[in-house]
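Asks: Protein chains in written order, with our numbering: chain F, 189 to 407; chain A, 189 to 407.
C-beta: ideal position from N, C-alpha, C; glycine also.
As the structure is a computational prediction, the values presented were derived from the model and not from experiment.
Protein chains: 2
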Amino acid sequence: MVSNQARQPDRADVPEVVVTRLPQYVRVLNRLLEEGIEVVSSQQLGAQLQVTPAQIRKDLSYFGRFGKQGRGYSVRHLHDRLRDILGLNSYWNVAVVGVGRLGRAILSYPGFTPDGFHLVAAFDTNEDVVGLQVGDLTVRSIDELEEVVSGQNISIAIVAVPVRFTQEVIDTLIDCGVRAILNYAPTSPQVHDGVRIRNIDPVIALQSMTYYLADSPEH
Amino acid sequence: MVSNQARQPDRADVPEVVVTRLPQYVRVLNRLLEEGIEVVSSQQLGAQLQVTPAQIRKDLSYFGRFGKQGRGYSVRHLHDRLRDILGLNSYWNVAVVGVGRLGRAILSYPGFTPDGFHLVAAFDTNEDVVGLQVGDLTVRSIDELEEVVSGQNISIAIVAVPVRFTQEVIDTLIDCGVRAILNYAPTSPQVHDGVRIRNIDPVIALQSMTYYLADSPEH
DNA sequence: GGATGTGAAGTATTTCACAGCC
DNA sequence: GGCTGTGAAATACTTCACATCC
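Structure follows, in structure tokens:
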């Protein structure tokens, strides 16, 4: 049956760890593209990311057969296919909730747009902030969330509000149909099945490393 | 032999996933402390973090027996013990390398200090930046790295330099004795065994979520 | 000859389930 | 009665190893 065709596996059949590695592969492939390299083996790709070649081949096999035996993978082809699989060839409208110091930094961070993420709306509760112009966006009241999120087909939100409001804000976002959340607040919000959340949490990251330093003499 | 005493397991015997969960437990325990709650069960703790009670008990069992059957865990005691295990009762001196827009945001982020991480030195290569005062630190030339890192017992570094310099900077840091790195550059640097690295990478985080949204009609 | 794709084998991690204790 | 601590069972994930194909 299916031969050289890419599979369209049920999303639930693919382990989530595999999905989290795909963007990394895309990033390396992108660099190889820029360097004009046309073919890459799982061996070479793995060396870039400290991942075994077998793992890369297995990961890719969830989605199809992209390589040529004896040769490797076409950088361009694999890159394009992985971007397709991840949905990175679409534009994604993103809302930012919380326009404090951190929210403003996020709004002016230039790294999201080249990857297809467009920050199209910013919200805050603070009346002093609502109405302000930040970059090319006007900060809106959180009361307008529902209208804007459905009106502009926003399915991703970045949350940068104080911890005590985070759960409430995320609940509201989910009610409004948001299905993916990037949370910058130092807390682990609860989300029901079917909603994805990733926490950006530098303090937690540091705290999980000190364990391995803890036998050092002095810091 | 060992009975109610906390074990001191070989660091290598504890799965790394377990270690990454401990700081989350600490954070919840900290909140419970503030709320004046004195005892907590693995059930309750798990509910806060969407983790099964069995997992929490198993995780803790790598380090000792902290609970009381029929009752649960003393919030204060478990909190203190976990902080000890993670080395969070020490002060940690941290260097920041790269004082561009992002580096400055990190240097002025108030969230590290309360958790025992002290940003004690900032480095950059750019001559226009070296010598500048940022917060209460003077930006130093990267040439002074070795001297300062060993002189001030710095074993943790935060890296926020452009991608093309990241690997080189990290190699230098490791040469100077740094053993834990928090990397904000959008790349996956290579580090040898015995060095810990965590990447803060919001774009990768977003890209691993779009996979699950990709069957939506329109974005 | 060299590299993929993949069942099978091997590890790692999570969950079960229950004896033991408060 | 309720909850911990933990071997054993179940599940998830990674690596092996090789048939297959370019």
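So which residues of chain F does PHE305 of chain A contact, with C-beta pairs closer than 8 angstroms?
Replies: Position 117 of the second sequence, counting from 1, holds the residue named residue 305 of chain A. Those are VAL391 and LEU394, listed as they occur along chain F.
Asks: So, do the segment 208–222 of chain A and the segment 257–271 of chain A have three or more beta carbon pairs nearer to each other than 8 angstroms?
Replies: Touching, yes, given that three or more Cβ pairs across the two stretches are closer than 8 angstroms.
Asks: With C-beta atoms as the reference, is HIS306 of chain A less than 8 angstroms away from ASN281 of chain A?
Replies: Within the second sequence, residue 306 of chain A is the residue found at index 118, counting from 1. Within the second sequence, residue 281 of chain A is the residue found at index 93, counting from 1. Yes, the pair counts as a contact, with Cβ atoms nearer than the cut-off.
Asks: Looking only at its own chain, which residues have a Cβ that is under 8 angstroms from the Cβ of GLY382 of chain A, when we skip the five neighbours before and after it?
Replies: Residue 382 of chain A sits at position 194 when you count from the first residue of the second sequence. Excluding sequence neighbours, GLY382 of chain A sits near ARG367.
Asks: Out of F:VAL336, F:GLU315, F:ALA242 and F:VAL284, which one is the CA nearest neighbour of THR354 of chain F?
Replies: For the purposes of this step, residue 354 of chain F is taken as the residue at position 166 of the first sequence. Of F:VAL336, F:GLU315, F:ALA242 and F:VAL284, the residue nearest in Cα terms is F:VAL284.
Asks: Flag this pair as yes or no: are the beta carbons of GLY286 of chain F and ASP312 of chain F separated by less than 8 angstroms?
Replies: Along the first sequence, read from residue 1 onward, the residue named residue 286 of chain F stands at position 98. Along the first sequence, read from residue 1 onward, the residue named residue 312 of chain F stands at position 124. Yes; because the gap between Cβ atoms is below 8 angstroms, this pair is in contact.
Asks: Quick one: is GLN212 of chain F buried, meaning 16 or more other Cβ sit within 10 Å of its Cβ, or exposed?
Replies: Working through the first sequence from its first residue, we reach residue 212 of chain F at position 24. Under this definition GLN212 of chain F is a buried residue.
Asks: What's the C-alpha gap between VAL336 of chain F and SER338 of chain A?
Replies: As a position in the first sequence, residue 336 of chain F is number 148, starting the count at 1. As a position in the second sequence, residue 338 of chain A is number 150, starting the count at 1. Their Cα atoms are separated by approximately 53 angstroms.
Asks: Please compile the residues from chain A whose C-beta is within a distance smaller than 7 angstroms of the C-beta of GLN212 of chain F.
Replies: By 1-based counting over the first sequence, the position of residue 212 of chain F is 24. Simply SER376 and ILE392.
Asks: Does any residue of chain A bring its CB to less than 8 angstroms from the CB of GLY224 of chain F?
Replies: Along the first sequence, read from residue 1 onward, the residue named residue 224 of chain F stands at position 36. By this cut-off, GLY224 of chain F is not an interface position.
Asks: Please list the partners that ARG384 of chain A has in chain F, where partner means a Cβ-to-Cβ separation under 7 angstroms.
Replies: For this step, residue 384 of chain A is matched to residue 196 along the second sequence. MET397 and TYR400, listed in chain order.
Asks: Cβ atoms of GLY299 of chain A and GLY278 of chain A: under 8 angstroms apart, would you say?
Replies: As a position in the second sequence, residue 278 of chain A is number 90, starting the count at 1. As a position in the second sequence, residue 299 of chain A is number 111, starting the count at 1. It is worth fixing the name first, because residue 278 of chain A is Ser in this sequence and not Gly. No. Outside cutoff.
Asks: Any idea if ARG384 of chain A is buried or exposed, counting beta-carbon neighbours within 10 angstroms, 16 or more meaning buried?
Replies: Counting from 1 along the second sequence, the entry for residue 384 of chain A is found at position 196. Under this definition ARG384 of chain A is a buried residue.
Asks: Quick check: ALA348 of chain A and TYR372 of chain A, are their CB atoms within less than 8 angstroms of each other?
Replies: Translated into positions along the second sequence, residue 348 of chain A becomes position 160. Translated into positions along the second sequence, residue 372 of chain A becomes position 184. A contact, by the Cβ cut-off of 8 angstroms.
Asks: What ranges does the beta strand (DSSP E) occupy inside the segment 328–357 of chain F, keeping only unbroken runs of at least 3 residues that lie completely in it?
Replies: Complete beta strand (DSSP E) runs here, min 3: 344–347.
Asks: Who are the near neighbours of TYR261 of chain F in its chain, counting only those whose CB is closer than 6 angstroms to its CB and skipping five residues on each side?
Replies: The count along the first sequence starts at 1 and reaches residue 261 of chain F at position 73. Cβ within range, chain order: VAL228, PHE254 and GLY255.
Asks: Give me, in chain order, the residues of the same chain whose beta-carbon lies closer than 6 angstroms to that of THR398 of chain F; leave out the 5 immediate sequence neighbours on both sides.
Replies: Stepping through the first sequence from its first residue, residue 398 of chain F is reached at position 210. If we look at THR398 of chain F and ignore the five residues flanking it on each side, it has no Cβ neighbours.
Asks: Report yes if the CB atom of GLN243 of chain A is closer than 8 angstroms to the CB atom of GLN378 of chain F, and no otherwise.
Replies: On the second sequence, residue 243 of chain A is found 55 positions in, with the first residue counted as 1. On the first sequence, residue 378 of chain F is found 190 positions in, with the first residue counted as 1. In this structure, GLN378 of chain F does not lie closer than 8 angstroms to GLN243 of chain A by Cβ.
Asks: Where does the unbroken alpha helix (DSSP H) through LEU237 of chain F begin, and where does it stop?
Replies: Here residue 237 of chain F refers to the residue found at position 49 when the first sequence is read from its first residue. Residues 230–237.
Asks: Considering only DSSP beta bridges, list what ILE294 of chain F is partnered with.
Replies: Start at 1 with the first residue of the first sequence, and residue 294 of chain F comes out as number 106. According to DSSP, ILE294 of chain F bridges with nothing at all.
Asks: Within 10 angstroms of the Cβ of ASP331 of chain A, are there 16 or more other Cβ atoms? Answer buried if so, exposed if not.
Replies: Residue numbering aside, residue 331 of chain A sits at position 143 when the second sequence is read from its first letter. It is exposed - the Cβ of ASP331 of chain A has fewer than 16 other Cβ atoms within 10 Å.
Asks: Is there at least one Cβ from chain F nearer than 8 angstroms to ILE273 of chain A's Cβ?
Replies: In the second sequence, residue 273 of chain A corresponds to position 85, counting from 1. Chain F, which has a Cβ nearer than 8 angstroms to the Cβ of ILE273 of chain A, makes this yes.
Asks: Can you tell me whether GLY275 of chain A is buried or exposed? The criterion is at least 16 other CB atoms within 10 Å of its CB, across all chains shown.
Replies: Here residue 275 of chain A refers to the residue found at position 87 of the second sequence. That one is buried.
Asks: Can you tell me the Cβ-Cβ gap for VAL322 of chain A and LEU295 of chain A, rounded? I've got them flagged as a contact below 8 angstroms.
Replies: Translated into positions along the second sequence, residue 322 of chain A becomes position 134. Translated into positions along the second sequence, residue 295 of chain A becomes position 107. Contact flag correct, Cβ pair sits at about 5 angstroms.
Asks: Using a Cβ cut-off of 8 angstroms, which residues of the segment 320–335 of chain A contact any Cβ in chain F, in chain order?
Replies: If the cut-off is 8 angstroms between Cβ atoms, the segment 320–335 of chain A has nothing near chain F.
Asks: State the Cα-Cα distance for the pair VAL205 of chain F and LEU320 of chain A, rounded to the nearest angstrom.
Replies: Numbered from its first residue, the first sequence carries residue 205 of chain F at position 17. Numbered from its first residue, the second sequence carries residue 320 of chain A at position 132. Near 43 angstroms, if we compare the C-alpha coordinates of LEU320 of chain A and VAL205 of chain F.
Asks: Kindly indicate the opening and closing residues of the beta strand (DSSP E) around LEU307 of chain A.
Replies: By 1-based counting over the second sequence, the position of residue 307 of chain A is 119. LEU307 of chain A -> beta strand (DSSP E) spans 305–312.
Asks: Which term fits VAL351 of chain A, buried or exposed, when burial requires 16 or more other beta carbons within 10 angstroms of its beta carbon?
Replies: Position 163 of the second sequence holds residue 351 of chain A. VAL351 of chain A should be labelled exposed.
Asks: Below 7 angstroms on C-beta distance, what does THR208 of chain A contact in chain F?
Replies: For this step, residue 208 of chain A is matched to residue 20 along the second sequence. Here the neighbours are SER396.
Asks: Determine which residues share a DSSP beta bridge with ARG386 of chain F and list them.
Replies: Residue mapping note: residue 386 of chain F aligns to position 198 of the first sequence, counting from 1. ARG386 of chain F is bridged to F:LEU370.
Asks: Below 7 angstroms between beta carbons is the criterion; list the residues of the segment 225–245 of chain F that meet it against any residue of chain A, in chain order.
Replies: Against chain A - using a Cβ distance shorter than 7 angstroms - the residues of the segment 225–245 of chain F are LEU237 and GLN238.
Asks: What residues in its chain sit with their C-beta under 8 angstroms from that of SER343 of chain A, if we drop five residues either side in the sequence?
Replies: As a first step, residue 343 of chain A must be located in the second sequence, where it is residue number 155. These residues qualify, in order along the chain: TRP280, ASN281, GLY365, VAL366, ARG367 and ALA368.
Asks: Quick check on DSSP: helix, strand or coil for TYR213 of chain A?
Replies: Within the second sequence, the letter at position 25 stands for residue 213 of chain A. Helix.
Asks: Work out the CA separation of SER329 of chain F and SER191 of chain A for me, nearest whole Å.
Replies: As a first step, residue 191 of chain A is located in the second sequence; it is residue number 3 there, counting from the start. As a first step, residue 329 of chain F is located in the first sequence; it is residue number 141 there, counting from the start. Here the model assigns SER191 of chain A a pLDDT of 39, short of 50, so the residue's position is not dependable, and the following value carries that caveat. The straight-line gap from Cα to Cα measures roughly 57 angstroms.
Asks: Using a C-beta cutoff of 8 angstroms, does ASP201 of chain A count as contacting chain F?
Replies: On the second sequence, residue 201 of chain A is found 13 positions in, with the first residue counted as 1. Chain F contact via Cβ: absent.
Asks: Please tell me whether THR360 of chain F and LEU333 of chain F are closer than 8 angstroms, where the distance is taken between their beta carbons.
Replies: Stepping through the first sequence from its first residue, residue 360 of chain F is reached at position 172. Stepping through the first sequence from its first residue, residue 333 of chain F is reached at position 145. Contact flag set, yes.
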